[in-house]
Each structure stands twice: as structure tokens, then as C-alpha cells.
Amino acid sequence: MKGIKVIAMLSMFIFAGILASGVISEAATHEDHLEVLLEELPVGVLTETEKSGILYLREEEKLARDLYAAFYEKWGVRTFSQISGSEENHMDSMKLLIDRYGLKDPVLPEAGKFSDKKLQGIYDDLLAKGLVSRGEALKVAAMVEEMDIMDFREEQKKTDKPDLLAVYENLERGSRNHLRAFGRQLNKENIRYEAQFLAQEEVDAIMTSPNERD
Numbered sequence: 005m006k007g008i009k010v011i012a013m014l015s016m017f018i019f020a021g022i023l024a025s026g027v028i029s030e031a032a033t034h035e036d037h038l039e040v041l042l043e044e045l046p047v048g049v050l051t052e053t054e055k056s057g058i059l060y061l062r063e064e065e066k067l068a069r070d071l072y073a074a075f076y077e078k079w080g081v082r083t084f085s086q087i088s089g090s091e092e093n094h095m096d097s098m099k100l101l102i103d104r105y106g107l108k109d110p111v112l113p114e115a116g117k118f119s120d121k122k123l124q125g126i127y128d129d130l131l132a133k134g135l136v137s138r139g140e141a142l143k144v145a146a147m148v149e150e151m152d153i154m155d156f157r158e159e160q161k162k163t164d165k166p167d168l169l170a171v172y173e174n175l176e177r178g179s180r181n182h183l184r185a186f187g188r189q190l191n192k193e194n195i196r197y198e199a200q201f202l203a204q205e206e207v208d209a210i211m212t213s214p215n216e217r218d
């Protein structure tokens, strides 16, 4: 009987390890895929508008990561922890463009601190709102994903560079998946979310549709 229990426990640990490594491998595969894709695309000459867009989006992804980490610490909702990790991957994707074009990385090492004063103000405001209640934190998170989607779309309009478009389209898709995740959590909490940046019909459609794959 003891032998059976030991085997069962070992099986559980092995299975858990496979799941964990699968998540890690998926993230690594995503980054590797993007790096390979960028290697196949030409390096252009950036306009000042394109440079500003890259730097802003890099910090905007940090804003999402830091907010969700703070909300997870406060409320313990696992979705915050999961999406915070995904936002780290989004930051890495933007870092690929920064390194590719020799730009100075604006990201500061401290959580919740930003070089861009506008983003600093947004972060401080949203953090305060999200610390009021678990429900408010979820609504703030959904709003951040809306904001990300909107900003990725705006930056796509400002460039014709294939490499920038590839990264922005990829991260916009990821942000839609994040919005779906927060939409599911809001639904569990019986909270009706009102769109802040996109049309309500589009937000509802995103939240109730299956995840998109790369």
C-alpha cells in the first residue's frame, strides 16, 4: 500500500512538472518564434514617431505587469499573477525592437516607477482604484487591456515597417486574450464591465469569444 502511495505521489509531481515546463516552454517558444520572424524581416530607418511609439509601448507593458502584480499581492486572484507573467513576455517582445534599433530602454528597475510622466500618472491613479476592492481591480485590469489594444492599433497606423507591425499585431492579439481572461473572471464575480476605450459591442464580443492562437 505504501508503495502504491509513493508511486501515486511521484506521478503527481512528474505531471505537475510537465505542466510547469509546458508553460515555460510555450513562453520561450513564443519569444523564439518572434526573434526568428524578426531576423527574416528588414531593419528600416525609424522616424521619431516610431521611436517614441516603441518606447511608450515598452513602458505601457510594464505598467500592466506591475499593476497586476500589485493586485495579485492584495487580492490573491490567480488571474492577476498569470497575466502579470504574460506582460513580462510582452515587455521582452518590445525589448527586441529596442535592441534591434539601438534605442535607450526607458524601463526603470523599480516596480511602479516610469520614465514617462504620463504613464506614471496613469499607474498611480489605476493602482489607487484597484486597491479599493477586488472587483475594482478586475475592472481596472480590463480597462488596461482595452487601452493596450487601442494603443497597439494607433501605433500600427503610424508605421509601415514590417517588423514593428509584426510585433504590434502579435501583442494586440495577446492583449485581446488577456481581456478575455479578465472577462471570464469578471463574469465569475457577476460584475458587468463597461467599455472605456473600445466600443462596448467589440469588448463584449472579445470577452465572450475563444482565445486566439499565434
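Residue numbers (our numbering): 5 to 218.
Note that the Cβ used here is the ideal one computed from N, Cα and C, for glycine as well.
These figures come from a predicted structure and were not determined experimentally.
Assigned with DSSP and collapsed to three states, Pro-166 falls in helix. When only Cα atoms are considered, Lys-117 and Ser-56 end up about 18 Å apart. In this structure, the beta-carbon distance from Glu-65 to His-94 falls below 9 Å. Taking C-beta separations shorter than 7 Å and ignoring five residues to either side along the sequence, the partners of Arg-157 in its chain run Glu-176, following chain order. Taking the CA atoms as reference points, Thr-83 sits about 24 Å from Gln-124. Linking Leu-50 to Lys-161 through their CA atoms gives a straight-line distance of about 14 Å. The alpha carbon of Leu-135 has as its nearest neighbour, out of Tyr-76, Gln-204, Val-47, the alpha carbon of Tyr-76. Comparing C-alpha distances from Ile-126 to each of Val-81, Glu-63, Val-207, Lys-108 shows the shortest one belongs to Glu-63. Contact check for Leu-142 against Val-47 fails: the beta carbons are separated by 9 Å or more. Rounded to the nearest whole angstrom, the C-alpha separation of Arg-196 and Val-207 is 12 Å. In this structure, DSSP gives Asp-70 a helical state, which the three-state scheme calls helix.
Here the alpha carbon of Leu-130 sits roughly 7 Å from the alpha carbon of Val-144. Inside the stretch 146-196, DSSP marks no whole beta strand (DSSP E) run of 3 or more residues.
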